[in-house]
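Asks:
In this note's numbering, the protein residues as written are 9 to 141.
#1: According to DSSP, residue 40 sits in a beta bridge with which residue or residues?
#2: Within 10 angstroms of its Cβ, does residue 119 collect 16 or more other Cβ (buried), or is it exposed?
#3: Looking only at its own chain, which residues have a Cβ that is under 6 angstroms from the Cβ of residue 58, when we skip the five neighbours before and after it?
#4: By Cβ distance, which residues of its chain are closer than 8 angstroms to residue 107, with the 5 residues on each side in sequence left out?
#5: Quick one: grab the DSSP three-state call for residue 48.
#6: Where residue 89 and residue 41 are concerned, what is the direct C-alpha to C-alpha distance, given to the nearest angstrom?
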């Protein structure tokens, strides 16, 4: 249990150490669910229906879209590998599918948008991909 808590703490620390396009620390970002729902929503706007990428969406906030996808992937990988029985993704699940589950969770739980984004991602994937026993 201690190992799991340590790994989740590491993910939280890595996810909150943001930089901008020049490698400098970004000011004003707090790592909330409110920021995450905007970033992940833009990620889906960028993917569009075909998944080919819409350049006008990418130019709005490339950092935010990358932050969304990277945070989701990091939390999912950590949970899948270290929190046995908490998250069980089907083998063919891809990052956009998991990000969509996170967006749906955030939209369904607007009162939680002030919570830390890493914890919201964990709750969302636990909700969307529970282990069947």
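Note that beta-carbon positions come from the ideal geometry of N, C-alpha and C, so glycine has one too.
Replies: Inspection of the coordinates gives the following:
#1: The partner list for residue 40 (beta bridge, DSSP) reads 124.
#2: Residue 119 should be labelled exposed.
#3: No answer about residue 58 holds up, because its pLDDT of 47 lies below 50 and its placement is not dependable.
#4: 48, 51, 52, 76, 77 and 80
#5: DSSP, read as helix, strand or coil, puts residue 48 in helix.
#6: 24 angstroms
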